[in-house]
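Enquirer:
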Amino acid sequence: MGYLNNVTGYRDDLLANRAIVKHGNFALLTPDGLVKNIIPGFENCDATILSTPKLGASFVDYLVTLHQNGGNQQGFGGEGIETFLYVISGNITAKAEGKNICLKRRWLSLLPTRLLNDVC
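For the sequence shown, the numbering used here puts the final residue at 170, and the numbers step up evenly by one.
This is the structure:
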């Protein structure tokens with residue numbers, strides 16, 4: 051029942067929609083298996099958690115869609131935490147250590163400490 055592809059309800063085939071998680075090794079999530087998560091600080095966004103230490107990863111990976119006036123003004127990341135941001139489509143403005151950075155489609159950025167962002 052994925053929110054990204056608007057496929058809802060149960061599949062006809064028993065194995066058509068299965069996430070595979072091998073703790074500490076890998077997790078395979080199909081588009082039908084992505085669910086919306088509420089992540090503190092993200093307002094007017096659709097977000098899903100792709101990986102987390104609860105799955106055995108040593109990092110956290112989010113997929114976030116920003117809607118009109120959506121973003122995160124509280125920041126995320128923290129002291130001693132590497133924060134990467136990859137823009138799949140559109141443009142956003144990220145603020146890190148008081149500096150505004152405009153990120154465009156297919157841009158990857160390593161942002162220091164706290165990160166604030168909203169739509170450009």
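Just so it is clear, CB atoms sit at the ideal spot from N, CA and C, and this is done for glycine as well.
Predicted model, so just to flag it, every value in this text is computed and none were measured.
Can you tell me which residues form a DSSP beta bridge with Phe-76?
Expert: Lys-72
Enquirer: With C-beta atoms as the reference, is Ala-77 less than 7 angstroms away from Val-85?
Expert: no
Enquirer: Please go through the same chain and pick out, in chain order, the residues whose beta-carbon is closer than 7 angstroms to the beta-carbon of Ser-139, but skip the five residues on each side of it.
Expert: For Ser-139, where only same-chain residues beyond five positions count, the Cβ hits under 7 angstroms are Arg-155.
Enquirer: If we count the other Cβ atoms within 10 Å of its Cβ and call it buried at 16 or more, is Leu-158 buried or exposed?
Expert: exposed
Enquirer: Just the Cα atoms here: how many angstroms apart are Thr-143 and His-73?
Expert: 35 angstroms
Enquirer: Give me the DSSP bridge partner(s) of Glu-93.
Expert: Gly-121
Enquirer: Using only alpha-carbon positions, find the residue among Gly-130, Asn-141 and Gly-148 that is nearest to Asn-39.
Expert: There is no way to answer for residue 39, as the model of the chain reaches only from 51 to 170.
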